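Taking it in order: structure first as structure tokens, then the write-up.
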Amino acid sequence: MESITPILEFNKTCVSYTKQTMAVKYVSASIEKNKITAIMGPSGCGKSTLLRAVNLMHNLYPNIRVDGEILLNGENILNMEPIDVRRRVGMVFQRPAPFPTMSIYDNVLAGYTLNGIKLSKNEKDNTVEQCLRSVALWDEVKDVLNKKGTFLSGGQQQRLCIARALALKPDILLMDEPTSALDPIATKHIEELMLELQKEVTILIVTHNMGQAMRISSKSMFMYLGELVEYGDTATMFSNPSDERTKAYLTGKMG
Amino acid sequence: MNDKLYKILLFVTALLMPIVCGGVVFALVTDAYEAFEHFGFLNFLTSSEWSYTEGDEHYGALPFITGTLMTTLLALIFCIPFSLPVALFVGEYFKGTRIAAVLSTVTDLLAGIPSIIYGLWGFYTLRPIIMALNISPQGSGILTASLVLAIMIIPYASSLSAEFIKMVPNDLKEGAYSLGATRAEVIGKIVFPVAGSGIFSSYILAIGRALGETMTVTMLIGNTNNIPESITSTGNSMASIIANQFGEADGLRLSSLIAIGLILFLITAAINMIGKIMIKRTRIS
Amino acid sequence: MTNNKVKKRLAKDRLMLWGVCLFAAMTATPLIAILGEVLLKGYDQLSWSFFTEPTPTAYKAMKAIEAGEPIPGGIANGIIGTMLMLAMASVFAVPIGILCGVFLAENPKNKFAQFVSYLTDLLQGTPSVIIGIVTYIWVVVPMKGYSAVAGSVALFIMMLPLIIRSTEETLKILPASLKEAGLALGGNRARVMMKVQLPAAFGGIFTGVLLAISRVIGETAPLMFTALGCSFIRFSIDKPISAVPLLIWEFFNDPNLQELIWGASLFLLLFVLTLNISAKYIAKKWNQ
């Protein structure tokens, strides 16, 4: 058996909106470093809620609470300062949303500006170039770095948002259906990009799209009604699901 | 009623608006003409003399233009530290909660209080305080009027600003939070820049309110017809000189007061137009 | 090092929250102070006769003060004047305002309608003192005297844009399906407007009218140049007439009558705020 390094562990993680409704129920799982792990499931199964909990997004809304543990490199982030956690955990959302008042250049560096970290001109230039290169956007925008990011295409905007998250050198990158608002070609670009990126950063992606999970992820979770039904190698899960509900979902009888 | 008649009826009623507005401009211009003709337009604007000794009449608008600009500007400065927190409270921190609704009701009620009652409050409560603090001996003046004016425009500035702050997309805020920003940083670096032009335009409209406010200023500004030397001096605004002297004026003095009214009308119209255009642009983008 | 920096940022964040709460809460103080002062000082003066008797002359008031008695009389002349002028202004402003609002809502793309819409904004932003001057020139000068009619015209001009806007906005947020369903059933545009859209928009328009009334009822400056004031109860529309805010102004300027200020202010304030709150309440009920 090869040794695996868990970077992120869910330990009986529960997320509830009110006392009665639990959106995520006792999820336990270990996420491996430098791999892409996909979370699948029909809408409303709690997959996005679980992902957002890793970035402590629930702290922004008073009525959501998270119980259990979420361990990042062995530390329970639920007891940590949200702004510290969020710096170490990058997140990319469904709809690309570059900051409209900032230039492309400033968008990449937004994490630093927002956190009040000063960089030298040289460091800034290097970070911007490196991040934009790693999302394969550099060649397309290197001449318009001082323009606002909003005129870019949807796919380009989403890559800019990925670059923005990568700039802070996160331990793990969370992606919440990052291609659901994009056309097939842009989706394909982003998928290729993720395969490239997993060398540098662990990716946890929520996807509605089974094909996408199959194409890019090495591990997959299947969630249903807030529970983690099945978790294992993507190839195994798709060829030979062990749970009836997973099978039903994968064969299109659900969701 | 058939469609044709219906359309004609609506059109004819709507014609009333151009007639009323045209009438406003026409009345002001014809009756102000005497003053402009007698003193010259530029001279009227820049003269600081206001004396109605018979046979030696001199009227100039400068003291009142200065008074209006001073009270408005000061009111704006005093209003920002309160209206901006109210807007953030209602539009961001406690958006959609009951406590935010309570605060909105408070500002709505502030907007509903008639200006003459603000004037009474300023005169009987605020003025003694100003005197007790030794800020100015007579208590009334530019500063006193501006303070009350500031309270009066808080609702206008805050409710519109709150609307623009509410409109900042959640996507952007969450994006900033996900990068590790605190709420204060999200507000400073995302919410304000994104809602900035909207917030700015709501202050422009608040200025439009303050420029023409009459009774409060009349009761508190001290009613002297010279250019105020400092913010604690007495003075008169364009609206307050009209309120003070219109009833007793005739001839050249009446025409001069109407001329001041015309200038005030033009300034407020311009300010309001700029504000509205800015809001429309912001809403579209 | 990093930890210190984070602590600093969090402290700033908390400071901002508390600052916002503190300053926002402070905005309520003037409201409480004004309501409190008017209520405390005005409460004693309210009596039945305060609402049924006209203002005393300065001489009568002076005599009463000298004798150590409360000032006789009340504000009946002002209340009647206010009601009379409001009624006359509303009779014209409500139907005309609604029709203009309907015109704007029916022709959103029309150039003339856009012009009218712009003028509505212009009129709404015009300081009330200027409406007073203009009404003086239009009505008082040709009629050779101050009158209730002139006061009503001033109030009418101030109410008009408010009613136009609320009608237009209420009609615009009605679902388009409502109009289409009406037209599909074979109604012509006038009938659909009268029988379907306007009834559906009633709550919003009614709120707008109440707010318009509450906005103009406290107006003082324009009435000073038009209605002028009058110390006895009068119902004729071609003579000077009093109004509650005019009385407050009069009491403010006459040392002998100063005792009456607060009762009159309390009446005006309660009237305006009640109108305001009920308008908001109706709007809320109607929206549900």
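Protein chains in written order, with the working numbering: chain A, 1 to 255; chain B, 1001 to 1285; chain C, 2001 to 2288. Glycine residues also receive a C-beta, built at the ideal position from the N, C-alpha and C atoms. Note that the structure is a prediction, hence the values are computed from the model and not measured.
Query: Measure from the alpha carbon of residue 1070 of chain B to the alpha carbon of each residue in B:1016, B:1211, B:1165 and B:1225, then state which is nearest.; Result: B:1211
Query: Look at residue 1034 of chain B and residue 1255 of chain B and say whether their C-beta atoms are less than 8 Å apart.; Result: yes
Query: For a contact meaning CB atoms closer than 8 Å, what does residue 2009 of chain C contact in chain A?; Result: 83, 115 and 116
Query: So, are the CB atoms of residue 2080 of chain C and residue 2233 of chain C less than 8 Å apart?; Result: yes
Query: Assign residue 1230 of chain B to one of two classes, buried (16 or more other C-beta atoms within 10 Å of its C-beta) or exposed (fewer than that).; Result: exposed
Query: Which parts of the stretch 79–119 of chain A are runs of the beta strand (DSSP E), unbroken and 3 residues or longer, counting only runs that do not cross its ends?; Result: 89–92
Query: Helix, strand or coil for residue 189 of chain A, going by three-state DSSP, please let me know.; Result: helix
Query: So for residue 65 of chain A, helix, strand or coil by DSSP?; Result: strand
Query: Determine, using beta carbons only, whether residue 1216 of chain B and residue 1148 of chain B come nearer to each other than 8 Å.; Result: yes
Query: Measuring alpha carbon to alpha carbon, tell me which of C:2133, C:2221 and C:2212 ends up nearest residue 2093 of chain C.; Result: C:2212
Query: Are the beta-carbon atoms belonging to residue 116 of chain A and residue 2009 of chain C less than 8 Å from one another?; Result: yes
Query: Is the distance from the Cβ of residue 2162 of chain C to the Cβ of residue 2096 of chain C below 8 Å?; Result: no
Query: At what residues does the beta strand (DSSP E) containing residue 29 of chain A begin and finish?; Result: 22–32
Query: Under a CB-based cut-off of 8 Å, is residue 2027 of chain C close to chain B?; Result: yes
Query: Between the stretch 2111–2141 of chain C and chain A, which residues of the former have CB atoms less than 8 Å from a CB of the latter, in chain order?; Result: none
Query: Is the CB of residue 2016 of chain C under 8 Å away from at least one CB in chain B?; Result: yes
Query: Within 8 Å, do at least three Cβ pairs link the stretch 52–65 of chain A to the stretch 1261–1278 of chain B?; Result: no
Query: Taking 8 Å as the limit between beta carbons, can you name the residues of its chain near residue 138 of chain A, skipping five residues before and five after?; Result: 129 and 132
Query: From this set, C:2104, C:2117 and C:2066, which residue's C-alpha is nearest residue 1277 of chain B's C-alpha?; Result: C:2117
Query: On the DSSP letters alone, give me the boundaries of the beta strand (DSSP E) that residue 2257 of chain C sits inside.; Result: Careful: residue 2257 of chain C lies outside any beta strand (DSSP E) and carries neither H nor E.
Query: Buried or exposed for residue 187 of chain A, please, with buried defined as at least 16 other CB atoms from any protein chain shown within 10 angstroms of its CB.; Result: buried
Query: Could you spell out the range, first to last residue, of the beta strand (DSSP E) harbouring residue 224 of chain A?; Result: 219–224
Query: In its own chain, which residues sit with a C-beta less than 6 Å from the C-beta of residue 95 of chain A, not counting the 5 before and 5 after it?; Result: 181
Query: What does residue 2050 of chain C reach in chain B if we use C-beta pairs closer than 7 Å?; Result: By Cβ distance, chain B contributes nothing, its closest Cβ being about 17 Å from residue 2050 of chain C, past 7 Å.
Query: Within the continuous alpha helix (DSSP H) that includes residue 1153 of chain B, where are the two ends?; Result: 1142–1166
Query: What's the gap between the Cα of residue 1003 of chain B and the Cα of residue 2189 of chain C?; Result: 6 Å
Query: Can you tell me the Cβ-Cβ gap for residue 2250 of chain C and residue 2263 of chain C, rounded? I've got them flagged as a contact below 8 Å.; Result: That pair is no contact at about 13 Å.
Query: Nearest chain B C-beta to residue 101 of chain A closer than 8 Å, yes or no?; Result: yes
Query: Suppose the cutoff is 7 Å on Cβ atoms and the five residues either side in sequence are ignored; what does the same chain contact list for residue 238 of chain A look like?; Result: 214 and 250
Query: Per DSSP, which residues does residue 2064 of chain C bridge with? Please list them.; Result: Answer by DSSP bridge pairing: none, since residue 2064 of chain C is not bridged.
Query: From residue 2136 of chain C to residue 2156 of chain C, what does the alpha carbon distance come to, in whole angstroms?; Result: 14 Å
Query: Between the beta-carbon of residue 1125 of chain B and the beta-carbon of residue 2259 of chain C, is there less than 8 Å?; Result: no
Query: Of all the options B:1043, B:1101 and B:1075, which has the alpha carbon lying nearest to the alpha carbon of residue 1086 of chain B?; Result: B:1101
Query: Would the stretch 1237–1245 of chain B and the stretch 1174–1191 of chain B be scored as touching if the rule is three or more Cβ pairs under 8 Å?; Result: no
Query: How is the beta strand (DSSP E) around residue 1182 of chain B delimited, first residue to last?; Result: Segment: none, residue 1182 of chain B is in no beta strand (DSSP E) and carries neither H nor E.
Query: Is residue 2048 of chain C buried or exposed, if buried means 16 or more other CB atoms sit within 10 Å of its CB?; Result: exposed
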